[in-house]
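Here is the structure we will look at.
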Amino acid sequence: MKLRRKKKLLKEIEEKIPDFRTHEGKIVFKISEVIFLMLFALLKGKNSFRKQHTWMEANRENRILLKLFEKKEPLNIPSPSTLYHIAINIDNNALEKIFRDFFEKKLVENIKMALKPEFFNWVKRFPGRIV
């Protein structure tokens, strides 16, 4: 996914997901950044808060993420309990709509590619394999 598309997704999350947290002075992490990181950790197969946290820690100096979040220093990563707290309190319906709208175009492209005759001919060359 190109940086431009990632920035668009981050902006949509920022605009459409309300921040439920109320303690202004205690908020350390932007909710849009945390949700974005959680989504990409999920896409990488990290299906627990501990695994998501570990993935985030491993990628805290990732140059693409630093550029995306417009940071010069390594990212501050929330604890697994903070990830849990954010996950259970966000508006899941709004998040699902953003996610579906964002990935719909890519999904349609993949379906169109899979329906082309060339794809079926390619799959036939590898009998017994799951693509």
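Sequential numbering from 233 applies to the sequence shown in our numbering. The C-beta atom is built at its ideal place from N, Cα and C for all residues, glycine as well.
Neighbourhood of residue i by C-beta, 7 Å cutoff - its chain only, sequence neighbours within 5 removed
i	result
Lys299	Leu235
Asp323	Ile249 and Pro250
Ala326	Lys248 and Ile249
Leu242	Ser264, Phe268 and Leu300
Cutoff 6 Å; reference residue i; Cβ partners in own chain excluding five residues on either side
i	result
Tyr316	Phe281
Lys238	Leu300
Lys278	Gln284 and Trp287
Residue j beta carbon less than 8 Å from that of residue i
i	j	result
Met288	Ile263	no
Phe272	Asn321	no
Glu247	Phe334	no
Pro306	Glu293	yes
Straight-line gap, residue i to residue j (C-alpha atoms, nearest Å)
i	j	result
Ile343	Glu336	10 Å
Lys338	Lys304	31 Å
Leu274	Phe268	10 Å
Glu302	Ile296	10 Å
Lys329	Ala290	29 Å
Arg332	Val260	28 Å
Lys348	Val340	13 Å
Same chain, Cβ closer than 8 Å to residue i, neighbours up to 5 away in sequence not counted
i	result
Met270	Gln284, Leu315, Ile318 and Ala319
Lys276	Trp287
Val266	Pro310, Thr314, Leu315 and Ile318
Lys240	Phe334
Whole runs of the alpha helix (DSSP H) within the stretch 235–289, excluding any shorter than 4 residues: 235–248 and 263–275
3 or more residues per run - each beta strand (DSSP E) lying fully within the stretch 317–341: No beta strand (DSSP E) of 3 residues or more sits fully in the stretch 317–341.
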